[in-house]
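Below is one structure, written out as structure tokens; the observations come after it.
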Amino acid sequence: MSRLRRFSLWRAGAPVALLCAGLLFATSATNARGTDLRPSRNTTLAGLVEEQSRRSATLTRQHAALSQDIEKLQAQQGSIAPKLAKQLKDLSEQVGTVPVAGPGLTVTLKDAPSQVVKDNPDVDADWLVIHQQDIQAVVNALWAGGADAISIQNHRVISTTGIKCVGNSVVLHGVPYLPPYKITAIGDRRMLQKALDDSQYIDNLQDYVVKFQLGYEVKTQSSISMPAYEGTLDLQSATVPGFEKTPTASPSSSTSGR
244 MSRLRRFSLW RAGAPVALLC AGLLFATSAT NARGTDLRPS RNTTLAGLVE
294 EQSRRSATLT RQHAALSQDI EKLQAQQGSI APKLAKQLKD LSEQVGTVPV
344 AGPGLTVTLK DAPSQVVKDN PDVDADWLVI HQQDIQAVVN ALWAGGADAI
394 SIQNHRVIST TGIKCVGNSV VLHGVPYLPP YKITAIGDRR MLQKALDDSQ
444 YIDNLQDYVV KFQLGYEVKT QSSISMPAYE GTLDLQSATV PGFEKTPTAS
494 PSSSTSGR
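Residue numbers (the numbering used here): 244 to 501.
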């Protein structure tokens, strides 16, 4: 074929080839709609979506498990808390650090009337007044009768309470009080009264009540409110100024006893 003929054929076929290429590009653009056609990128995105879906499902399961654990702990706490609160309340009442209320009775002790003192000048003055032993006897009897709480002069009595007689007054928690002395107890009134009646010391006190008119009165009450103890609970011991503790002998030291 001559050079002239080949050139004519090329000139005729070139426009057709260009037209076909344009149609292919247009079709690809239409199908892609502006997105990347690289299959590797589509595969990567699909993998990420699947991975995040699995992670989300795992977190959801963990959240559900933790929620169940929290509910169990709350349920356990709900059942334990009231028991602990009751134990704390009972202990606080026994120690005396919280106010209490309930039925009980009050014992009032008084010195002999002044007229009796004048009429009996030869009688020992100690027989005509209330002493700390009298108050302690009443308190001990009430504890023995199952008292839940006791107060003297409206001050709560605890295990470390000391009752001391100074002159014609009684010192309680470092504060002096004059008669009449009111000793109040909360508890079963029948048991408290029985404990007072069974006390041998109080029975002896009754002899002075009859003979010298010492005051001894028991009054039951359906409702008594008793305050909490407000002092310190720390135990303190007395010390002697300038006193030095004598050192003890070492195990290796020996003395001659002969």
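Just so you know, even glycine gets a beta-carbon here, dropped at the ideal spot from N, CA and C.
(1) Using a Cβ-Cβ cutoff of less than 6 Å, which residues in the same chain neighbour L421 once the five nearest sequence positions on both sides are dropped?
(2) Return the residue from the list I429, R304, S335, K425 that minimises the CA-CA distance to P375.
(3) Between which two residues does the beta strand (DSSP E) containing Q464 stretch?
(4) Would you decide whether T427 is buried or exposed? Buried here means 16 or more other CB atoms lie within 10 Å of its CB.
(5) Would you kindly check if the distance between the Cβ of P423 and the Cβ of K353 is under 8 Å?
(6) Give the secondary structure of T301 by DSSP, where H, G and I count as helix, E and B as strand, and everything else as coil.
(7) For L371, which residues of its own chain have a beta-carbon under 6 Å away from its beta-carbon, when the five flanking residues on both sides are left out?
(8) Taking 8 Å as the cut-off, decide whether the C-beta atoms of A392 and E336 are in contact.
(9) Out of N363, R399, I401, H416, which one is the CA nearest neighbour of K407?
(10) Excluding the 5 residues flanking V409 on each side, which residues of the same chain have their C-beta closer than 7 Å to its C-beta?
(11) Please classify A344: does DSSP put it in a helix, a strand, or coil?
(12) Pull up the distance between the alpha-carbon of N285 and that of E294, whole angstroms please.
(13) Can you name the start and end residues of the beta strand (DSSP E) that I393 belongs to?
(14) Give a yes or no on whether the C-beta atoms belonging to A471 and G339 are separated by under 8 Å.
(15) Name the DSSP beta bridge partners of T351, please?
(16) Would T301 pass as an interface residue toward chain D - the criterion being a Cβ-Cβ separation below 8 Å?
(17) Would you tell me roughly how many angstroms separate the C-alpha atoms of V400 and S394, rounded to the nearest one?
(18) Let's see if you can read the secondary structure: which residues bound the alpha helix (DSSP H) around L448?
(19) So, helix, strand or coil for V400, using DSSP?
(20) Check whether the Cβ atoms of I429 and A390 sit closer than 8 Å, and answer yes or no.
(21) Hey, how far is the Cα of A380 from the Cα of T404?
(22) To the nearest angstrom, how far is it from the Cα of A368 to the Cα of R432?
Looking at the atomic coordinates:
(1) S412
(2) A small fix is needed here, since residue 375 is Gln in this sequence, not Pro. Q375 has its Cα closest to that of K425, out of I429, R304, S335, K425.
(3) 458-469
(4) buried
(5) yes
(6) helix
(7) A355, V360, F455
(8) yes
(9) H416
(10) P419
(11) A344: strand per DSSP, three-state reduction.
(12) Because N285 carries a pLDDT of 49, less than 50, the predicted location of this residue cannot be relied on, and no value is offered for it.
(13) I393 -> beta strand (DSSP E) spans 392-395.
(14) yes
(15) Under the DSSP definition of a beta bridge, T351 partners with K425, E460.
(16) Looking for chain D here will not work: only one protein chain is present.
(17) 5 Å
(18) Counting along the chain, the alpha helix (DSSP H) containing L448 begins and ends at 443-455.
(19) coil
(20) yes
(21) 14 Å
(22) 34 Å
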